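The opening residue of the sequence shown carries number 22 in this note's numbering; numbering runs sequentially from there.
As structure tokens, the structure follows; a few thoughts come after it.
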Amino acid sequence: MTAKFELFKDTAGQFRFHLKAANGEIIAASQSYTSKAAAQNGIESITSNAATAPTDDLT
Numbered sequence: 022m023t024a025k026f027e028l029f030k031d032t033a034g035q036f037r038f039h040l041k042a043a044n045g046e047i048i049a050a051s052q053s054y055t056s057k058a059a060a061q062n063g064i065e066s067i068t069s070n071a072a073t074a075p076t077d078d079l080t
């Protein structure tokens, strides 16, 4: 199994997504979105931008 996004409605009726690792653990959780399309846009943004995003080490 590979990592995957899970798109769902929370208890308030808002849309959210999790990014789950291959072992099933949640490695990222989204903010809430008022529409499914907006949440899907959030997923698309991550998939298109994360590979080239720099890391700011604030330790």
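Quick reminder that beta carbons are idealized off the backbone N, C-alpha and C, glycines included.
Since the model is a prediction, treat every value here as computed from it, not as a measurement.
Residues near residue i by beta carbon distance below 6 Å, same chain, minus five either side
{"i": "aspartate 31", "result": "Arg37"}
{"i": "tyrosine 54", "result": "Phe36, Ala60"}
{"i": "glycine 63", "result": "Ser51"}
For residue i: DSSP bridge partner residues
{"i": "alanine 49", "result": "Leu40"}
{"i": "serine 28", "result": "In the sequence as displayed, the identity of residue 28 is leucine instead of serine. Phe38."}
Expected contact under 8 Å - CB spacing of residue i and residue j to nearest Å
{"i": "alanine 42", "j": "alanine 24", "result": "5 Å"}
{"i": "glutamine 52", "j": "leucine 28", "result": "Incorrect: roughly 13 Å between the Cβ atoms, too far for contact."}
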